[in-house]
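Here is the structure we will look at.
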């Protein structure tokens, strides 16, 4: 007789996978944890696959072979996030978010755990099976989003500093031109923060012309990193010609009228399935 | 007959609670989600309470009354984290972490999603039932830890900036003396980031004399906030006289000898149950 009932095992397995997305866990782990036979563990996983699909909770993938196992992807299709994104878009239209100087107040959203974990899942979704080695961001406002992307992909986060206050040993700095304001700025990353030749995903909260992302790409060259893609929560419609091509955003800010108190923002086509 | 089997419902409930720690969810929510009677939903929760306790996954708490419901705390006792903390302590003793200038390299740990989510759970543990309104940190390295504390407590994160690059409207700045280096520095927080009278938990990655935490406390006074406590991943043994009293740390760095290549670090007593 088994020590744990099936529903106990299934509940425990859900918790373990949910805490460790995109992580390969082998059947032996569950066999030892519950003291069950391989066939029983296998059945448990099959049952759970159906449950997870039924509730749109992502998906379980079986990787065959000696080094194989099962891994959980927290998002299996973008459709299940559509109502969340629509709700967020309505919140972003609130004109009280307009900050003098042409800024948009988003801290209440991007620093809210329940919101930012979903944002992280959405932005990591197209990269779930691209074997990303690290999520890279630049301080400060993009860090929570990038952290949640890193969590969904189960890879380390790398934080580029905007100054030289790097207390992590030798570092590489580059100068870049902030696209919208045409200022010269610099960003730095310590040598040991990122292995040479890593495949990286660049994440930030906001993108206008793309100068910051472009700067990050240049810095990545210094680490022989391959930039697989870039993702931001909000990109602006103008300027239409961006300094980077290969990026995704969840929202497109079309216009922000300080005088008329209007924020015109839309959901990106790839999320709406258009 | 019920649309979903019990094990399907339990698996789904675990996922929902795990994604929403410290959040009150009422029975009606599950009754509607699964199309089940109140008695069935109630039974499901009772079964799940046992499962969660059995596996040391935290605990489910029932809040009675009209506005009541069930909430999930991701950590029910510190004992279950002890082996993780011990393992981390061994990693922190690796002498290659010594950075010239007396710094300790921790980015590989505090930016790793699986590590930082546990660190966040541990630091939030003593404050789980203190009705915290917000977790407050100062950029940059403490942000991932603070984000995971905020997630465990289900409250917003507030990020204090170290300069005046605040693009979130009017802000309050203070000057403070960095305890260890005796430099005058400043930190700023936008007015709308934190409601007046909030109960806050201060979080950072590292604390020497406590000058930064002390600065945060002063800034909190400007927002009429009540500082319920402060938590850091690592505090140093010296100076023994800190600028703040009311703080917890997971590790105590007793000594770091650049010449002899030795890091002497210990786990705090409150975690070891001593």
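Residue numbers (full-length UniProt numbering), protein chains in the order written: chain A, 1 to 274; chain B, 1 to 274.
Backbone N, C-alpha and C define an ideal beta-carbon position, used for all residues, glycine too.
Only a predicted model underlies this, so the values are computations on that prediction, with no experimental measurement involved.
Sub-8 Å separation of residue i and residue j beta-carbons
i, j, result
"residue 228 (chain A)", "residue 220 (chain A)", "no"
"residue 138 (chain B)", "residue 150 (chain B)", "no"
"residue 86 (chain A)", "residue 267 (chain A)", "yes"
"residue 119 (chain B)", "residue 271 (chain B)", "no"
"residue 69 (chain A)", "residue 99 (chain A)", "no"
"residue 51 (chain A)", "residue 11 (chain B)", "yes"
"residue 104 (chain A)", "residue 256 (chain A)", "yes"
"residue 216 (chain A)", "residue 160 (chain A)", "yes"
"residue 213 (chain B)", "residue 244 (chain B)", "yes"
"residue 46 (chain B)", "residue 6 (chain B)", "no"
"residue 273 (chain A)", "residue 79 (chain A)", "yes"
"residue 59 (chain A)", "residue 73 (chain A)", "yes"
"residue 168 (chain A)", "residue 190 (chain A)", "yes"
"residue 97 (chain A)", "residue 263 (chain A)", "yes"
"residue 121 (chain A)", "residue 75 (chain A)", "yes"
"residue 128 (chain A)", "residue 2 (chain A)", "no"
"residue 133 (chain A)", "residue 91 (chain A)", "no"
Cβ neighbour criterion (16 or more within 10 Å) applied to residue i
i, result
"residue 35 (chain A)", "exposed"
"residue 182 (chain B)", "exposed"
"residue 152 (chain A)", "buried"
"residue 156 (chain B)", "buried"
"residue 210 (chain A)", "buried"
"residue 165 (chain B)", "exposed"
"residue 269 (chain A)", "exposed"
"residue 39 (chain A)", "exposed"
"residue 275 (chain B)", "No answer is possible for residue 275 (chain B): it lies beyond the span of chain B, which begins at 1 and ends at 274."
"residue 63 (chain A)", "exposed"
"residue 224 (chain A)", "exposed"
"residue 41 (chain B)", "buried"
"residue 239 (chain B)", "exposed"
Extent of the continuous alpha helix (DSSP H) to which residue i belongs
i, result
"residue 41 (chain A)", "38-54"
"residue 205 (chain B)", "First-last for residue 205 (chain B): 199-207, but that is the beta strand (DSSP E), not the alpha helix (DSSP H)."
"residue 212 (chain B)", "211-222"
"residue 86 (chain B)", "82-92"
"residue 33 (chain B)", "27-34"
"residue 228 (chain B)", "It is not in any alpha helix (DSSP H) - residue 228 (chain B) instead sits in the beta strand (DSSP E) that spans 226-236."
"residue 109 (chain B)", "107-110"
"residue 121 (chain B)", "113-124"
Nearest candidate by alpha-carbon position, reference residue i, set the options
i, options, result
"residue 131 (chain A)", "A:266, A:3, A:201", "A:201"
"residue 9 (chain A)", "A:24, A:57, A:29, A:22", "A:29"
"residue 265 (chain B)", "B:58, B:94, B:53, B:23", "B:94"
"residue 246 (chain B)", "B:76, B:19, B:126, B:90", "B:126"
"residue 171 (chain A)", "A:188, A:121, A:225", "A:188"
"residue 194 (chain B)", "A:13, A:77, A:239, A:107", "A:107"
"residue 31 (chain B)", "B:4, B:54, B:66, B:89", "B:4"
"residue 15 (chain B)", "A:56, A:90, A:37", "A:56"
"residue 111 (chain A)", "B:33, B:144, B:240", "B:144"
"residue 53 (chain B)", "B:37, B:41, B:77", "B:77"
Other residues of its chain near residue i: CB distance less than 6 Å, five sequence neighbours each side excluded
i, result
"residue 124 (chain B)", "149, 152, 153"
"residue 175 (chain B)", "184, 186"
"residue 115 (chain A)", "109"
"residue 162 (chain A)", "139, 187"
"residue 236 (chain A)", "208, 253"
"residue 311 (chain A)", "Not covered by the structure: residue 311 (chain A). The range shown for chain A is 1 to 274."
"residue 276 (chain B)", "What is shown of chain B runs 1 to 274, which leaves residue 276 (chain B) out entirely."
"residue 248 (chain B)", "231"
"residue 88 (chain B)", "none"
"residue 173 (chain A)", "186, 188"
Contact set for residue i: own chain, Cβ-Cβ below 7 Å, skip 5 residues either direction
i, result
"residue 146 (chain B)", "135, 137, 157, 203"
"residue 142 (chain A)", "203, 204, 205"
"residue 13 (chain A)", "30, 44, 48"
"residue 242 (chain A)", "209, 210"
Host beta strand (DSSP E) of residue i (start-end)
i, result
"residue 188 (chain B)", "183-190"
"residue 158 (chain A)", "157-160"
"residue 154 (chain A)", "Note, residue 154 (chain A): premise wrong, no beta strand (DSSP E); not H, not E."
"residue 140 (chain B)", "First-last for residue 140 (chain B): undefined, no H or E at that position."
"residue 19 (chain B)", "Element bounds for residue 19 (chain B): not the beta strand (DSSP E) but the alpha helix (DSSP H), 6-19."
"residue 250 (chain B)", "247-257"
"residue 271 (chain A)", "Careful: residue 271 (chain A) lies outside any beta strand (DSSP E), inside the alpha helix (DSSP H) at 269-272."
"residue 69 (chain A)", "69-73"
"residue 59 (chain A)", "59-63"
"residue 127 (chain B)", "Note, residue 127 (chain B): premise wrong, no beta strand (DSSP E); not H, not E."
Close Cβ partners of residue i (< 8 Å) along its chain, the five nearest in sequence each way excluded
i, result
"residue 102 (chain A)", "256, 258"
"residue 66 (chain B)", "none"
"residue 20 (chain A)", "72, 154"
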